[in-house]
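Chemist:
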Amino acid sequence: MKKVFMCMIPLLIFAMGGFAQTIDLSGTVKDDKGEPIPGASILVKGTQNGALSNVNGEFSIVVKKGQTLVCSFIGYVTEQAIVNQSRINFVLREDVAQLNEVVVVGYGGVKKGDLTGSVSAIKMDKLEDLPANNSVFSSLQGRVAGLQIVNSGQGPGSNPAFIVRGISSINGTQSPLVVVDGFPLGEGADLKQINPADIADIVVLKDASSTSIYGSRGANGVIMVTTRKAGKGTTHINFSHQTIISQFSSKLNLWRDPVLMAQLDNESRVNAGQLPLYVGRTDNGTYYPSVEEISSGAWPYFTRWDDEILRTPVTNNTSLSISGANDKLIYNLSVNYFDDRGTYIKDNYRKLSAKLDVDYKAFKNFSIRTSNILSKNWRNANSGDIGRNPLFPVYDEEGNYYQSSPTDYGNPIALANTVKNKNQGMDVLSSWLATWEIIDGLTWKGQLNYKYGTTVNDLYNPKKYTEDGTFNNGHAYIGNWYGQDVIPETYLTYDRMLGMHGHLTAMAGYSYKYSMERSSALDSYDFVNESLGNENIGAGNPQKNQVSNGFSESELVSYYGKINFSWMDKYLLTATFRSDGSSKFGDNNKWASFPSGALAWKLHNEKFMSNLKFINEAKLRASYGISGNQGIAPYQTLSRYGNEKYYDNGAWNTAIGPGYVIGSYGSDGRYKYWGGIPNKDLKWETTRQLNFGFDVTLLDNRIRLVFDWYKKHTFDLLRQRYLPLSSGYDKMWVNDGEVQNRGFEFTIDADVVRTKDFSFNSTFIFSRNRSKVLSLGSVASSGLNVDPNTGMQYEFTGATLTEQPVGSVNILAVGQPLNVFYGYKTNGIIQSNAEGIEAGMSGDEAKAGELKYMDINNDRAVDEKDRTIIGNPNPDFTASLNLSFKYKKFDLSIFLNGVFGNDVLYQYGMTNPATMPLRWTVDNPNNEYPSLRQNRTPKVSDWFVRDGSFVRIQDINFGYTFDHLCKGVSSLRLYGSINNLYTFTSFDGYDPEVGLDGIYWGGYPRFRKFTLGMNITF
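Residue numbers for the sequence shown, in this note's numbering: 11 to 1028.
#1: First and last residue of the beta strand (DSSP E) that includes Asn327?
#2: Do you know how far the Cα of Asn248 is from the Cα of Glu138?
#3: How would you label Pro1015, buried or exposed, when you count the other beta carbons within 10 angstroms and need 16 or more for buried?
#4: Please identify the residue among Lys121, Gly60 and Pro48 whose C-alpha is closest to the C-alpha of Glu68.
#5: For Val567, report the span of its alpha helix (DSSP H) as first-last.
#6: Check whether the region 846-861 and the region 750-759 are in contact - that is, three or more C-beta pairs closer than 8 Å.
#7: Go through the region 218-291 residue by residue and report every complete run of the beta strand (DSSP E) that reaches 3 residues or more, in order.
#8: Leaving out five residues on either side along the sequence, give the residues of the same chain with a beta carbon under 6 Å from the beta carbon of Asn327.
#9: Could you name the residues of the same chain whose beta carbon sits closer than 6 Å to that of Lys1019, not counting the 5 residues immediately before and after it, in chain order?
#10: Less than 6 Å between C-beta atoms, sequence neighbours within five positions excluded: which residues of the same chain meet that for Ser603?
#11: Could you check where the alpha helix (DSSP H) with Pro422 kicks off and where it finishes?
#12: Relative to the C-alpha of Ser415, which residue among Gly295, Asp965 and Gly118 is closest?
#13: With a 10 Å radius around its C-beta and 16 neighbouring C-beta atoms as the bar for buried, classify Gly307 as buried or exposed.
#14: Under a three-way DSSP split, which group does Asp746 fall into?
#15: Am I right that Trp584 and Pro605 are in contact with their C-beta atoms under 8 Å? What's the rounded C-beta distance?
#16: Identify the continuous alpha helix (DSSP H) that holds Val301 and give its terminal residues.
#17: From which residue to which residue does the beta strand (DSSP E) around Glu590 run?
#18: By the 10 Å Cβ neighbour count, where 16 or more other Cβ atoms means buried, how is Ser852 classified, buried or exposed?
#19: Output yes or no for whether 7 Å exceeds the beta carbon distance between Lys133 and Asp211.
#20: Tell me the residue span of the alpha helix (DSSP H) that contains Trp930.
#21: Scan the region 341-395 and note each continuous beta strand (DSSP E) run of 3 residues or more that stays entirely inside, going in chain order.
#22: How is Ile547 classed by DSSP in three states: helix, strand or coil?
#23: Leaving out five residues on either side along the sequence, give the residues of the same chain with a beta carbon under 6 Å from the beta carbon of Asp886.
#24: With DSSP as the reference, label Gln203 as helix, strand or coil.
#25: Quick check: what's the CA-CA separation for Pro403 versus Ser168?
#26: Using alpha carbons as the reference points, say which of Leu942, Thr353, Ile209 and Tyr460 lies closest to Asp317.
#27: Bridge partners of Glu89, per DSSP?
#28: If you run the structure through DSSP and keep just helix, strand and coil, what is Gln917?
#29: From Ile847 to Arg279, what does the alpha carbon distance come to, in whole angstroms?
#30: Rounded to whole angstroms, what is the Cα-Cα separation between Gly1008 and Ala823?
#31: In terms of DSSP beta bridges, what is Arg699 paired with?
#32: So, helix, strand or coil for Ile625, using DSSP?
#33: List, from N- to C-terminal side, the alpha helix (DSSP H) runs of 4 residues or more that fit wholly inside the region 774-818.
#34: Buried or exposed, going by whether 16 or more other CB atoms sit within 10 Å of the CB of Tyr1010?
#35: Do you know offhand how far Glu302's Cα is from Leu893's?
#36: Give the secondary structure of Phe905 by DSSP, where H, G and I count as helix, E and B as strand, and everything else as coil.
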């Protein structure tokens, strides 16, 4: 036994020595500024044993003493360390030669240092703490030079409008093309199907050299979206949640003093020659109490309608993801639930989405990647008039919803509880990509993209409380729509060195797109029993049912190619060509070509720059190219037929013939536009763009400057021209007109302070764009108006206002910016009837207290000949400033965004409860606010135009990150943010941020949002 024991001693010593050499090693990966680097690879040299750093740059791995760890990350110099302790902290330095290799452009990626075009990129990890929205684009406002985003809507599920470098098209598509992981989703795609937490970065392609690879879809810019992918290492589970509580950023401007409201209403009616209303009399079946009854409390009702129909908006956004990877397989599965409760009662939006990404390396030179998204959304829409007369109660004496008269359809509580207005939708996005490295340097890629969407709309207006329902004895509607896109693409890429100094990358490919949409709608009227609403649509009168449907399809075929050439890492050339054929155009114009070219010169690699040590990078860029726009509906080159129902001889009949209704105008859309005339010569809208830029990096990469100047010229505009009455039609699609956009933009990014524990970074972005209409065709052919004073050719565009003021506002005018305001100039308030007559006014407009319109042409009469340009809704420039601070585990960021020099048409200047008491009277003969007069129809004038400039404290974010909070939890981040803390502006309305037409439509104040969030990684 003793011998056996003695023989076992060496084995025990060997075993114990083996266990002693195994180490549970941990550490961090940071850059030279002390910032953590998530996703860095830590690999045991010569093995497959590895790990990834988490969001805090931390990692853990089981190793043996004496082994070598290799730490690497794209854009940084790889570091190695020999294991001789239980903790190793890596500090990686930026590798200028490899920096930003992940910048994605059309059909490939380019190092940022080798970019020749105008491209801006933003990492989504900088925006993770912002309050969640239905679309990620809302969070990009002010953060990308040249990208203008307008968040004018605040309802649940609302999406922003966004344009790149100004509006280039009048009636065609104005929004940029959105591409996700190589999948072109479409122009202006809102990305509602994609969870922002799944997005890694967004790249905006702005000049023609960058966008012309997308040909007829690139004229308005291209936005490239890259989603997150798992790195090699262990499985990661991430859970994140946000709760957002909103409040109005300013007080509601409503009547809180019913006595003053009644007094001013009586004054307004007397000034109009009418009987006062609030004198204790019945008008149209409604009793209106006297001012004395209201002031004494004898009238018992005073309703704060905002308290009745508004609530505190709350949004919840929850995401869960699991990802992992090895040498063969990479996967990522994520689920997101978004619940947006609006400020109006019963106004809600919900969305549930799931995304599955799988990368499989089948062979050493062949891999397959698939990305699949399923998204489902539900919307219950409701709104109401918070400015309703506060002397009206919610319910009458019998407990029914109060109506001041049989035609009072404005009780918001009645509408919320009796009207049905719901819709639901589903989206499916599926993309399959195969990559085959045929030989060294030659790669083939084939991608099949599929998009499917469907929506169902349900509406029921009851017989009572709604105008539509009362008129039709109940109205039910069910609408169905679905559409799909199929986009197969294939391309070859050849990449190789040419000798010692040349580097060539060439790409050629083919693309096909098939789009189809189908819709149907059923309207039913005259219900015998409406207890089930549109769930029993057959209860309507079958003789009054209306059934309609629609169908369209289009095809786009493309051939494209691109060459990137670099010589001595100093001189760069990019040449791009694309040829598109569209079924939307006639036989003679189906095809168009879109070439572009770009040059760049890396000055910092020249010998004469070698002594300028403070310059790390200096690059000059120049590009010129052509891109197109085919963003119109199909079949405009063909004759289109329509049908109309008419009642004759006791029965409904259907007439079918050429032409159909293409739009409406006037009050409640009572007048119709007739279209359908073909234009066989219709062709592409084309944009030529010239761009000059330079990139400079200074002081050990601490200061980074990007500057671009551009000029865009769009011609052969796709637009709807007015036709002479003799044609029998109102409008037709033509190629007519030219628009120019030019401007400059720059971004300055600086690491002001960077130490081990503290860092301070600032980013300033400035964008300026000037648009000009160069041509709208001839007066004779296009039916243009001519300004009698200047000879300016113009046509009205956009909305027609029907209340105060009355008339069209925006025009397209040759020689002027797009959508300028056109109307009358004013010169204060008329102080006497004689002054009004002397100024050229007549009738009620000449009375004291009225607006004093200016007689521009001095013919002693104020009429349409005195109209002129009175405002410009386009900003002079936009600017933003972001300040980021980090101290150890704490981080703080402050973001300011501003728009300057734009005009806003404020519709409510004469009905504003805050300014109505300031009106002109005999005792208060001011020169700013007119008198009160019932049923006044003021002209569109500069009195309604306000300065829309503002600077907004848009976001303040504060967070703290915990390391290894407990076993199994690698990181926990807690944060809070305030969105729209304060807006500096002189604007009279709730908020100066309005649509691109510059018209203010009222509503309610912009929300101030308070967000609490957490992010846990297991």
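Cβ atoms here follow ideal geometry from the backbone N, Cα and C, with glycine treated the same way.
Modeler: Let me spell this out:
#1: Its beta strand (DSSP E) spans residues Val324 to Ala335.
#2: Asn248 has its alpha-carbon roughly 13 Å from the corresponding atom of Glu138.
#3: Its Cβ being crowded by 16 or more others within 10 Å, Pro1015 is buried.
#4: Pro48
#5: Taken as a continuous stretch (DSSP letters only), Val567 belongs to no alpha helix (DSSP H), being part of the beta strand (DSSP E) at Gln556 to Trp577.
#6: no
#7: 232-237 and 243-258
#8: Excluding sequence positions up to five before and after Asn327, its CB lies within less than 6 Å of the CB of Ala142, Gln252 and Phe348, all in the same chain and listed in chain order.
#9: Pro141, Ile254, Ser256 and Asn989
#10: Ser589
#11: Pro422 to Thr428
#12: Looking at Gly295, Asp965 and Gly118, the one whose alpha-carbon comes closest to that of Ser415 is Gly295.
#13: The residue is exposed, with fewer than 16 neighbouring Cβ atoms inside 10 Å.
#14: coil
#15: The sequence given here has Thr at residue 584, not Trp. Actually they do not touch by this definition, with Cβ atoms about 12 Å apart.
#16: Val301 to Ser306
#17: In the sequence on display, residue 590 carries Asp and not Glu. Start and end: Tyr581 to Ser592.
#18: exposed
#19: yes
#20: Neither: Trp930 is in no alpha helix (DSSP H) and is coded neither H nor E.
#21: 358-373 and 376-390
#22: helix
#23: Phe910 and Gly911
#24: It is coil, neither helix nor strand.
#25: 32 Å
#26: Relative to Asp317, the option among Leu942, Thr353, Ile209 and Tyr460 whose CA is nearest is Thr353.
#27: Cys81
#28: coil
#29: 23 Å
#30: 16 Å
#31: Note that residue 699 is Gln in the sequence shown here, rather than Arg. The beta-bridge partner set that DSSP reports for Gln699 consists of Gly635 and Lys722.
#32: Under the three-state reduction of DSSP, Ile625 is assigned to strand.
#33: 789-792
#34: Flag for Tyr1010 reads buried.
#35: 58 Å
#36: strand
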